Structures are given as C-alpha cells and as structure tokens.
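For the protein sequence lines, the chains are A and B, in the order given.
Its first residue numbered 1, the first sequence is counted upward by one per residue in the UniProt record's numbering.
Its first residue numbered 1, the second sequence is counted upward by one per residue in the UniProt record's numbering.
For every residue, glycine included, the Cβ atom is placed at its ideal position computed from N, Cα and C.
Just so we're clear, the structure is a prediction, and the values are computed from it rather than from any experiment.
To start, the structure under review is shown below, and the notes come after it.
There are 2 protein chains.
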Amino acid sequence: PQVRQTILAATDIVGYHTYLNLVKDLTVGKECHGSDNRVELDRSKLALDLAASGKNVVVISSGDPGIFAMASAVLEVLDKEAKPEWQTIDLQIAPGISAMQAAAAAVGAPLGHDFCAISLSDILKPWEVVASRIASAAEADLAIAFYNPISSQRTWQLTAAKEILIKTRSGTTPVILARNLGRPGQEVKVITLGELVPESADMRTVILIGSSQTKLIPRADGNNWVYTPRSYQ
Amino acid sequence: PQVRQTILAATDIVGYHTYLNLVKDLTVGKECHGSDNRVELDRSKLALDLAASGKNVVVISSGDPGIFAMASAVLEVLDKEAKPEWQTIDLQIAPGISAMQAAAAAVGAPLGHDFCAISLSDILKPWEVVASRIASAAEADLAIAFYNPISSQRTWQLTAAKEILIKTRSGTTPVILARNLGRPGQEVKVITLGELVPESADMRTVILIGSSQTKLIPRADGNNWVYTPRSYQ
C-alpha cells in the first residue's frame with residue numbers, strides 16, 4: 001500500500017520496460033521512461049536528473065529494491081557522479097518482498113534459520129570472489145539463496161557452484177527452483193542438490209539451497225513442505 | 001493487502017501478545033489467543049489444533065514469518081507431532097518485510113550485494129556453530145544482518161561476534177542499529193564496527209554490518225546514506 005501511494009503520487013516512472021508493464025494500471029497519465037535491462041546506471045542518472053528538475057520520480061524495481069536491485073545502483077550514481085543539484089533530492093527507499101522470500105513462503109520456511117544470499121553473476125565481481133563466498137557458505141552450513149543463477153551469456157557458473165557445494169552438502173539436500181514469482185506463469189519446484197543442472201534454471205529463476213538441517217514434510221497432495229528448523233543439531 | 005484480507009477473513013488469531021496488540025484494529029470480534037514470547041511451539045500447536053477443528057486461523061508474526069519467525073515453528077510442530085487430523089489443514093504462508101530490509105531501506109542499500117543473516121542466539125544452537133558462521137561470513141566478506149543480538153540473559157554474544165569480525169574487517173566498517181522498525185519509537189542509527197558495544201542494542205534491535213565494500217555518502221542533513229555496491233573491487 002505504501003508503494004502504491006508513492007506511485008500514484010509520482011509524475012515520472014523510471015524502470016525496466018518489463019516492470020513498467022507490470023504496474024501500467026497505476027501509471028496512466030504519467031511520464032513513463034522505460035529502458036532495457038542492464039542499463040541500471042543510466043536509468044539511475046535519468047531518475048536523479050528528473051528529480052532534481054522538480055519532478056516526483058519513482059524508480060521501479062522488482063522484489064526488494066535493496067536486495068540485488070535498483071537501490072544500490074541509484075546510490076552508486078549519487079556517490080560517484082555527485083552532481084551538486086542532486087543534493088536537494090528527497091530520496092526514499094521502500095522495501096519489498098524479495099524473490100527468495102516469495103519462493104520460501106511458497107514451499108514452507110527453508111530460510112527459517114541462518115542463511116545467505118549470493119549473486120552468481122560474475123559480470124560485476126570476479127568469479128573467484130563468488131566461488132570463495134559459496135565455499136564459505138558451505139563451510140558455515142548456511143541455507144543459500146542464489147540470485148542470477150544463469151543467463152544466455154553465463155552458462156557454467158551454476159554447475160561450478162554446485163560442484164563447490166556438493167563437496168560438503170549431501171546430494172539429497174532440498175533445492176527450491178522458483179520462477180516468475182507473483183506474476184503470471186509462477187513456477188515453484190522442489191528438487192535435490194544432486195538433480196540440479198543448468199537446465200533447471202534461467203535468468204528469472206531464484207534458487208534456494210537447504211542447509212544440512214533442512215527437512216521435507218510430506219503433504220496430502222503429494223508435494224512436500226520444506227523448512228529449516230530454528231535449532232541446530 | 002494480502003495479509004490484511006487474510007486477517008479479516010479469519011475467525012481466530014494466534015500470536016505473541018505484543019503483536020496481537022499491533023493488529024487489534026483488524027481483529028475486532030475475532031477470538032484472539034495471545035501468548036508470551038518464547039512459547040512458539042505451544043502457540044503453533046494451538047493454531048494447528050484450532051485449524052483442524054474447522055477454524056480459520058491466522059498466526060501473527062513480526063517481519064517475514066519465514067525469516068527467524070513463526071513459519072519454521074509451525075512446520076516444526078507439524079513435522080514432529082504430525083497429528084493425523086492436521087493433514088487436511090490448508091496451510092499458507094504470507095511473506096513480509098523482515099527487520100533487516102526495513103533497516104536497510106531506512107539508510108540506503110547496505111544489503112545491496114551478497115549478504116547473510118545470522119541469529120546470535122545460542123539458545124537453540126551451540127555458540128560454536130554461531131561463531132563459525134560469523135567467521136565464515138567474515139572470511140567471505142559478506143554484509144551481515146544480526147538478529148537477536150542480545151537479551152537480558154544473553155549479554156556477551158554481541159561482543160564475541162564483534163571480536164571475530166574485527167580480525168578481518170576494519171573498525172571503520174559501517175554498522176546500522178535499528179529498533180522498533182515500522183512501529184512507534186522507530187530508531188535507526190549508523191555507527192562503526194569499532195563503536196559497537198553491548199549497550200548499542202537490545203532484544204528488539206537488528207544490526208547490519210557492512211562488508212569491506214560498503215560505503216557512506218554524506219547527506220545534506222548531516223546524516224549518511226549507506227550502500228554496498230553491486231560490483232566488487
């Protein structure tokens with residue numbers, strides 16, 4: 001409701017085309033500035049310039065803008081370009097439900113205890129950093145949410161991540177694949193770590209990996225609940 | 001809005017007294033079953049029994065029920081006690097904004113890149129597990145959200161956690177202290193890791209610790225934005 005009011009009060013909406021489309025019922029009569037994926041910095045700069053010129057601007061993000069999304073991009077531009085006229089902008093960030101949370105709620109509570117969230121993209125950080133983070137998460141026996149698991153350009157990273165995990169985590173560890181959360185075509189599937197292959201995911205998939213403690217509970221409909229207990233044994 | 005509808009449709013509301021109070025405008029005329037803190041398993045059992053008897057039951061949780069909250073407790077009871085009459089319950093979990101997300105949004109985007117969430121409570125897991133998870137998170141240079149940092153019974157854990165972190169993370173690392181998020185008396189403060197002391201927090205505080213990449217941006221009002229860039233250098 002907070003976000004809906006904010007959008008209704010705005011004069012200008014900035015965002016990835018696909019996301020602008022998802023809120024088009026709320027943006028009738030407003031200036032919509034759509035852009036392609038992967039131009040987050042240009043998009044942020046446009047939004048800051050519009051806001052500095054007196055417009056009431058909303059930058060649309062999917063999930064939680066604070067988790068692998070637009071808030072960091074806007075602040076990065078604000079920090080690095082630091083135009084004097086941006087100083088007076090009244091910037092606010094509204095949190096939201098990130099993909100890992102919607103995925104978790106759909107199957108139970110796999111993130112119910114200690115967990116981490118790691119982006120598998122090595123476009124903005126070296127793969128060595130990604131790999132060492134996965135190794136540490138495995139060692140710490142944390143449940144893990146993988147964002148950006150794969151794309152048409154990045155095809156081997158998910159297999160590499162699995163190879164690191166499987167050294168310490170059982171092949172029977174529950175894995176949740178979730179796609180298009182909260183949108184038409186939502187898919188949520190529970191498999192095992194042993195079954196995870198690149199074909200399991202695409203760029204819209206978030207993947208949750210259980211810890212050694214994560215359990216399945218059979219449901220009457222043949223599916224399973226997945227949860228990570230609050231206690232550690 | 002989804003959660004509001006769910007509460008309005010319920011006959012019975014189960015939860016911690018304090019949280020029931022926060023939603024009392026929505027629960028007029030419903031059976032409210034309040035209980036004390038720390039009786040999550042009894043509360044879950046009551047809710048499942050009520051639901052099995054044909055009631056439309058909502059278990060109230062703060063933040064996201066899937067993150068250090070009631071969803072795991074309910075599933076744990078469902079798993080371990082597994083009463084046959086519970087099989088037919090149509091259980092649903094509605095995600096929410098967890099404290100770390102509200103804290104992050106209030107100051108910028110400190111969780112904008114890879115991060116982990118760790119409970120400092122050693123009531124349900126040995127401190128050695130907590131300590132090794134903190135050490136791994138430090139080694140992996142993840143931003144960290146600490147839940148349950150301190151309580152009247154647990155007073156030394158926060159200092160122990162800081163001692164592990166400060167071995168590899170600078171004393172100038174930004175730290176966010178957030179209390180009573182989204183409630184009257186909300187407080188959000190940015191300090192440094194070096195300044196973190198047990199008196200900084202209480203049982204209602206969530207603490208965010210920056211990674212080596214987390215930066216401050218000075219604001220016109222004298223405060224700072226805090227963000228973790230999407231790229232890693």
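Short CB-CB distance (under 9 Å) between residue i and chain A
i	result
B/Pro184	no
B/Gln87	yes
B/Asp141	yes
B/His17	no
B/His33	no
B/Ile118	yes
B/Arg230	yes
B/Ile67	yes
B/Ser53	no
B/Leu26	no
B/Val129	yes
B/Ile60	no
B/Leu50	no
Beta-carbon gap between residue i and residue j smaller than 9 Å
i	j	result
A/Ser132	B/Ala140	yes
A/Gln157	A/Leu193	no
A/Val226	A/Val107	yes
B/Val175	B/Gly210	yes
A/Ala10	A/Lys30	yes
A/Leu26	A/Lys83	no
A/Val206	A/Ala138	no
B/Ala105	A/Ala105	no
B/Ser44	B/Val77	yes
B/Leu50	B/Asp79	no
B/Tyr134	B/Ile118	Just to set this straight, residue 134 of chain B is Ile in the shown sequence, not Tyr. Yes, they are a contact pair.
B/Thr228	B/Leu91	no
A/Pro126	B/Tyr232	yes
A/Leu165	B/Ser136	no
B/Phe146	B/Leu216	no
B/Thr18	B/Val58	no
B/Cys116	A/Cys116	yes
B/Ile60	B/Leu8	no
B/Asn224	B/Val190	yes
B/Thr88	A/Ala220	yes
Coil, strand or helix - residue i by DSSP
i	result
A/Trp225	strand
B/Leu111	coil
A/Ala143	strand
B/Ile118	strand
residue 237 of chain A	Only positions 1 to 233 of chain A appear in this structure, which leaves residue 237 of chain A out of reach.
B/Pro126	coil
A/Leu181	coil
A/Ser35	strand
B/Gly194	helix
A/Ile89	coil
B/Thr6	helix
B/Val74	helix
B/Pro84	helix
A/Glu176	Note on identity: in this sequence residue 176 of chain A is Ile, with Glu being the wrong assignment. In the structure shown, A/Ile176 sits in a strand (DSSP, three-state: E or B).
B/Thr205	strand
B/Ile150	coil
B/Lys215	strand
B/Asp42	helix
B/Lys162	helix
B/Asp49	helix
B/Asp64	coil
A/Ile134	helix
Any chain B beta carbon closer than 9 Å to residue i
i	result
A/Ala201	no
A/Leu75	yes
residue 242 of chain A	This structure cannot settle anything about residue 242 of chain A, because the visible part of chain A is limited to 1 through 233.
A/Ala160	no
A/Ala47	no
A/Asp42	no
A/Arg133	yes
A/Lys125	yes
A/Leu22	no
residue 297 of chain A	Outside the shown range of chain A, which is 1 to 233, sits residue 297 of chain A, and nothing can be said about it.
A/Asp64	yes
Cβ of residue i within 9 Å of any chain E Cβ
i	result
B/Ser72	Absence of chain E from the displayed structure is noted, the protein chains being A and B.
- [ ] Inspect the CB distances between the stretch 34 to 52 of chain A and the stretch 64 to 74 of chain A and report whether three or more fall short of 8 Å.
- [x] yes
- [ ] Please determine if the stretch 174 to 184 of chain B and the stretch 196 to 205 of chain B are in contact, where contact requires at least 3 C-beta pairs separated by less than 8 Å.
- [x] yes
Task: Positions along the stretch 95 to 111 of chain B whose CB lies within less than 7 Å of some CB in chain A - done: Pro95, Ile97, Gln101, Ala102, Ala104, Ala105, Gly108, Ala109, Leu111
- [ ] Examine the Cβ distances between the stretch 93 to 111 of chain A and the stretch 51 to 69 of chain A and report whether three or more of them are shorter than 8 Å.
- [x] yes
- [ ] Can you give me, in chain order, the residues of the stretch 205 to 217 of chain A that have a beta carbon less than 8 Å from any beta carbon in chain B?
- [x] Lys215, Ile217
TODO: Below 8 Å between beta carbons is the criterion; list the residues of the stretch 163 to 192 of chain B that meet it against any residue of chain A, in chain order.
DONE: none
Task: Three or more C-beta pairs below 8 Å linking the stretch 182 to 192 of chain B and the stretch 143 to 160 of chain B - done: no
Task: Against chain B: residues of the stretch 145 to 156 of chain A by CB proximity under 8 Å - done: none
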